[in-house]
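Q:
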Amino acid sequence: MRRAFTMVELMVAVSLLLVVIAATSKIFSTASKVASIGEANTDVLQETGAIERQIRTDISRIDFDGMIVIQCVAVGNNIHQLSNPAAPLLDPSRAATAVIRADQLLFFAKGMQDSVRFSGGQDLGPGNGLARSALSRILYGHGIQLPDLVPEGPTQTLRPDPVGFDSGPLVPWSFDPVQDGPSLDYEYWIGGGSGKTNGTQPEARDWSLARQAVLMADDGGSRTLFQQQSPVYGPNSATSLFDQATLHQTLMDGALSPNPDLVNSRVDVTSMNLDDLRRIVAPIGSLTWRQRAINGFFGSPAAFGQVGGYVRSEKRSPSMHRADVMLTTPTLASNCAGFMVDWTWSAGTGRTLLTLGGATVLFPGFTPSPLAATPWFGFPDSQIPATQTDSLRGVTTLTEYRDNNLDGSGNPAFVQLPILPEAIEGIATTLPVPVIKPFGLTVPVTVYTAVFGFNGDSAIYTSLSGAPVANQDFTPWPTAIRITMTLHDPDKRLEQGRSVQLIVELPRRPVS
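Numbering (my numbering), first residue to last: 8 to 519.
1) If we count the other Cβ atoms within 10 Å of its Cβ and call it buried at 16 or more, is L608 buried or exposed?
2) Pull up the CB-CB distance for V106 and N84, whole angstroms please, since I reckon it's below 8 Å.
3) When burial is assigned at 16 or more other CB atoms within 10 Å of the CB, is L399 buried or exposed?
4) Kindly confirm or deny that the stretch 477 to 491 and the stretch 344 to 358 touch, where touching means at least three C-beta pairs closer than 8 Å.
5) Hey, is the stretch 271 to 285 in contact with the stretch 214 to 223, meaning 3+ C-beta pairs nearer than 8 Å?
6) So for T13, helix, strand or coil by DSSP?
7) I'd like the span of the alpha helix (DSSP H) that includes R285, first residue to last.
8) Are the Cβ atoms of M386 and G73 separated by less than 9 Å?
9) Using the rule of at least 16 other Cβ atoms within 10 Å of the residue's Cβ for burial, across every protein chain shown, is G45 buried or exposed?
10) I need the straight-line Cα distance from I69 to I510, nearest angstrom please.
11) Could you say which of Q152, W352, K444 lies nearest to R516 if we only look at CA atoms?
12) Near V332, what residues of its chain come up, given a Cβ to Cβ distance below 7 Å and the 5 sequence neighbours on each side ignored?
13) Report the residue from E16, W214, P242 whose alpha carbon sits nearest the alpha carbon of E321.
14) Going by CA-CA distance only, name the one from D187, D168, P189 that's closest to P201.
15) Leaving aside the five residues before and after G303 along the sequence, list all residues of the same chain whose C-beta is less than 6 Å from its C-beta, in chain order.
16) Do you know how far the Cα of F114 is from the Cα of D349?
17) Using the rule of at least 16 other Cβ atoms within 10 Å of the residue's Cβ for burial, across every protein chain shown, is R60 buried or exposed?
18) Mapping the DSSP letters down to three states, classify W350 as helix, strand or coil.
19) Quick one: measure Cβ to Cβ for P441 and Y455, integer angstroms, because I've assumed they're closer than 8 Å.
20) Is the beta carbon of P179 less than 9 Å from the beta carbon of H149?
21) Looking at the structure shown, is L112 part of a helix, part of a strand, or coil, going by DSSP?
22) Over the uninterrupted beta strand (DSSP E) stretch that includes I145, give me the two end residues.
23) Would you kindly report the start and end of the unbroken beta strand (DSSP E) that includes R489?
24) Relative to the C-alpha of R144, which residue among L89, P99, F71 is closest?
25) Count the other CB atoms within 10 Å of the CB of N91; is the residue buried (16 or more) or exposed (fewer)?
26) In three-state DSSP terms, what is Q508?
27) Using DSSP with H/G/I as helix, E/B as strand and the rest coil, what is T277?
28) Can you name, in chain order, every residue of its own chain whose Cβ lies under 8 Å from the Cβ of V123, other than the five neighbours on each side?
29) Find out if the Cβ-Cβ distance for the pair V80, L97 is shorter than 9 Å.
30) Under 8 Å by Cβ, that's how I've got A47 and L501 pegged, so tell me the actual separation to the nearest angstrom.
31) Please determine, among T453, D496, D192, the residue with the shortest C-alpha to C-alpha distance to S341.
32) If I follow the unbroken alpha helix (DSSP H) through A330, where does it start and stop?
33) The alpha helix (DSSP H) spanning V220 covers which residue range?
34) Assuming contact is defined by CB atoms lying nearer than 9 Å, are F346 and T491 in contact in what I supplied?
35) In or out: G134 buried (at least 16 other Cβ within 10 Å) or exposed?
36) Mapping the DSSP letters down to three states, classify L156 as helix, strand or coil.
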């Protein structure tokens, strides 16, 4: 008589088999997830290496005849939900109360560079070769993206570019509610005409990190090469870093704004040189050179409630047309959910001796505590609430130096330090850190700007009478810059991303 498995035995065997399959599946699932996270980390680390090499190379070539502008921008993650509860967070992986940093860093760098735009016979130079220059304006910061703003027309010669969003420049956090229709105005790079489109930007984890290099390639003022128009390729350069519509007025009122052709990344060459920049930003007798620099590079947050200067930085070209491929050239990283810039000085920066009233006074300059950690200037994320301030940030700790002498009333005399906060931050020494809210107290966007100008390395100068005088616009350049980024892989396998921090020392400024 043949024996067979009983039903109970079969059920037990199948149950054991299912347990083994489930355990094996979980092991494979866990292993696959670990491998995926490892691959994502590898992708981010490879991108981090490329970003670090580029930043260090650019800063190592910094031109001390130029200027540095650091604009810190903090945006509340829930900025759009305050007016529209159904609106998404900027970064859905972070808390609604989180702060997104969208800082910008601008400076000038020496070293031969070529234009990435090939313009054929339209190009600069006697041999119609590639345009090149030994000086470039470098800008780091988040980019703006409009992948749906594609060329129109049967000949593909119309290139739509953003002009203004709700009466202001487009920014990485722009949101265009569906119910009120498209709010982004655009005009055509070639061919004329205009229209409206939706200006909503992607979530913060999909923001691009842009590095825009604009060649300062002055040809002596000739208009025969610069700004030549082509029915297919458009102008091959920009006459100025600033908007031509307002340039003729700027010498009087300083109403500068960025050049839209450069903001839209259509060209990467300008005929402006550093002498032109000085004459426009800091003409003789100007008391507003700092604000002119901010207006010209980023717009005017204080006067007009604007924060601009974010350049177009697409991940993919709208077409294979060379004028559209230019839109991708500033893209340094594809998924950067935060970009923060801080700066610091080494001990003794601004230190000098000055004779006042027959007595020699030592101005210690920047004197951090040797027992404390390195102080970094700018503003922290806690600045986002309108009521909070942080007196340890900015340069307000360097406002005054107490002299041992007494004034005419018998009170201790106060003497201004050679390092003047108002020259760097544009604010009186008796006021707190100049953090502004350009869109009003109810909108969680905060801005702090530090401008380091054209001055030399000396905190004093000699007057016509031969007496030493503190230089009122002395803005000693940072010793080091700290950059903190939050990077993601394209598939967002790292939910919180990876935080990366770079500390880059500036080369020593030559003594003048």
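Even for Gly, the Cβ is constructed at its ideal location relative to N, Cα and C.
Note that this is a predicted model, so its numbers are computed, not measured.
A: Concretely, from the data shown:
1) Nothing can be reported for residue 608: it is not among the residues displayed for the chain, which extend from 8 to 519.
2) Right, the Cβ-Cβ distance comes to about 7 Å (below 8 Å), so this counts as a contact.
3) Legend: pLDDT at L399 = 43, less than 50; position of this residue unreliable, no value from coordinates given.
4) Judged by Cβ distances under 8 Å, the stretch 477 to 491 makes contact with the stretch 344 to 358, as three or more pairs qualify.
5) The stretch 271 to 285 makes contact with the stretch 214 to 223; the number of CB pairs closer than 8 Å reaches 3 or more.
6) In the structure shown, the three-state DSSP call for T13 is coil.
7) Going by DSSP, R285 is part of the alpha helix (DSSP H) stretching over 281 to 288.
8) Note on residue identity: the sequence assigns Phe, not Met, to residue 386. F386 is not a Cβ neighbour of G73, given a cutoff of 9 Å.
9) So G45 counts as exposed.
10) Their Cα atoms are separated by approximately 16 Å.
11) Closest option to R516, Cα to Cα, is W352.
12) For V332, the CB contacts under 7 Å within the same chain, skipping 5 residues up- and downstream, are S324 in chain order.
13) Among E16, W214, P242, the Cα nearest to that of E321 belongs to W214.
14) Correcting the residue identity first, residue 201 is Ser in this sequence and not Pro. Nearest of D187, D168, P189 to S201, Cα basis: D168.
15) Cβ within range, chain order: F249, L263.
16) Between D349 and F114, the C-alpha separation is close to 14 Å.
17) Burial check for R60: the Cβ neighbour count within 10 Å stays below 16, so the residue is exposed.
18) Correct three-state label for W350: strand.
19) Correct: roughly 7 Å between the Cβ atoms.
20) Going by C-beta atoms, P179 is nearer than 9 Å to H149.
21) Strand, per DSSP.
22) Bounds of the beta strand (DSSP E) holding I145 are 139 to 149.
23) R489 -> beta strand (DSSP E) spans 487 to 494.
24) Closest option to R144, Cα to Cα, is F71.
25) So N91 counts as exposed.
26) The answer is strand: DSSP assigns Q508 an E or B state.
27) Looking at T277 - three-state DSSP - the assignment turns out to be strand.
28) Excluding residues within five positions, the ones whose Cβ falls inside 8 Å are D275, M333, T336.
29) Not closer than 9 Å, so no.
30) That belief holds up - the Cβ atoms of A47 and L501 are roughly 5 Å apart, short of 8 Å.
31) The shortest Cα separation from S341 among T453, D496, D192 belongs to D496.
32) 329 to 332 is the span of the alpha helix (DSSP H), which, as asked, contains A330.
33) Before going on, a small fix: residue 220 reads as Ala here, not Val. Where A220 is concerned, there is no enclosing alpha helix (DSSP H), although the beta strand (DSSP E) around it starts and stops at 216 to 223.
34) Yes. Within cutoff.
35) Confidence at G134 is low in this model, with a pLDDT of 41, below 50, so the placement of that residue is unreliable and no value is reported for it.
36) If DSSP states are grouped into helix, strand and coil, L156 belongs with coil.
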